[in-house]
Each structure stands twice: as structure tokens, then as C-alpha cells.
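Peer 1: In the numbering used here, the protein residues as written are 2 to 159.
Positions of the beta carbon are idealized from the N, C-alpha and C atoms, including for glycine.
The structure is given below, and queries will be raised subsequently.
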């Protein structure tokens, strides 16, 4: 177990090979959003050393907007987000939503932009995945725990 720095200066013990359950991921996401809002954006800016972004998708079944805090990786004018679902065998619901409705919004440091989402494939995915695991090695451990290929999503300005 190692301590991971929190934005507020404290530490949290997180096992580097721990795979969170879907319920844990959803609970954490809701708490993270609440903390971020309550602090006026001062807390919850980073997670495991990565930039936290807020992705808003349209529900594929409900049509309602859903917002998720995710680790985002800048890539030129684009942002990358990873549909790891903590190494679970199923894709996260936000990913299924953006596949159905690729027009999304992305909030980074309080600035919201409209984006178009697409899933990287082939050689592009290979190149981007290397960048992702170079910056956030936890994603490689998630991929080793599932049989599915974890999607790399490119969010480009609309």
C-alpha cells in the first residue's frame, strides 16, 4: 500500500494493483463531483497525479446529461480519456453514452468546451495507449485484469 497525494495535501492509501468495483467507481465519482463543487473547484483537480476533467455525456437510454470526473490527458488541441472502468470486464456507462451520442462537453479547470468524441483504433490507438500508460501506468494494470481492449477516447474541439 502506498500513499497517493490528494489535492488538499493529505494522503490516501491506495493499493497499486487494486481494481475497484463498479459500485466503488460510481460512489467515488459522485463524491468527487460533490467535493469539487463544494470547494469551488479548489479540491479534486488531480487524481494519481493526473488532471481531472469533467465529461458530460447524453444518456443513451434516458437522454439525460450525465457528468463524470475522469483523468484526462492533453494531446495537442484534443483531450484523451480512458474507458478503463477500473479493469472491469464491462465498459463504463459514460463510454456507452458517448458512443451513442458523440457530442459531449468537457470541463477543464472551470472552462467548458463542446467536443466530439471518437474512439482511437489501430495504429493510432497503439500510439496513444503508449502515451497514456507512460503518463498514467495504472491503466496498464487495469488492462491486464480484463479480456477487453480498453478504449482510448479522443475528445476533439467541435
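Mind checking whether residue 52 and residue 77 have CB atoms under 7 Å apart?
Peer 2: no
Peer 1: May I ask you to list the residues that DSSP assigns as paired with residue 55?
Peer 2: Partner(s): 70 and 108.
Peer 1: Let me check one thing: in DSSP terms, what residues is residue 79 bridge-paired to?
Peer 2: 76
Peer 1: Does the region 54-62 come close enough to the region 108-115 that 3 or more CB-CB pairs lie under 8 Å?
Peer 2: Remark: three or more beta-carbon pairs, one from each stretch, lie closer than 8 Å, so the region 108-115 and the region 54-62 are flagged as touching.
Peer 1: Mind checking who residue 158 pairs with in its DSSP beta bridge?
Peer 2: 116
Peer 1: What does the alpha-carbon distance come out to for the pair residue 142 and residue 69?
Peer 2: 21 Å
Peer 1: Measure the C-alpha to C-alpha separation of residue 134 and residue 140 and round it to an integer number of angstroms.
Peer 2: 6 Å
Peer 1: Just to confirm the assignment, what range does the alpha helix (DSSP H) spanning residue 135 have?
Peer 2: Residue 135 -> alpha helix (DSSP H) spans 123-136.
Peer 1: Determine the direct distance from the alpha carbon of residue 113 to that of residue 119, and round the result to whole angstroms.
Peer 2: 18 Å
Peer 1: Just how far apart, CA to CA, sit residue 146 and residue 152?
Peer 2: If you take the alpha carbons of residue 146 and residue 152, they lie about 14 Å apart.
Peer 1: In three-state DSSP terms, what is residue 147?
Peer 2: In the displayed model, residue 147 falls within coil according to three-state DSSP, outside both helix and strand.
Peer 1: With a threshold of 16 other CB atoms inside 10 Å of the CB of residue 150, please say whether the residue is buried or exposed.
Peer 2: Burial state of residue 150 is exposed, judged by a 10 Å Cβ sphere holding fewer than 16 other Cβ atoms.
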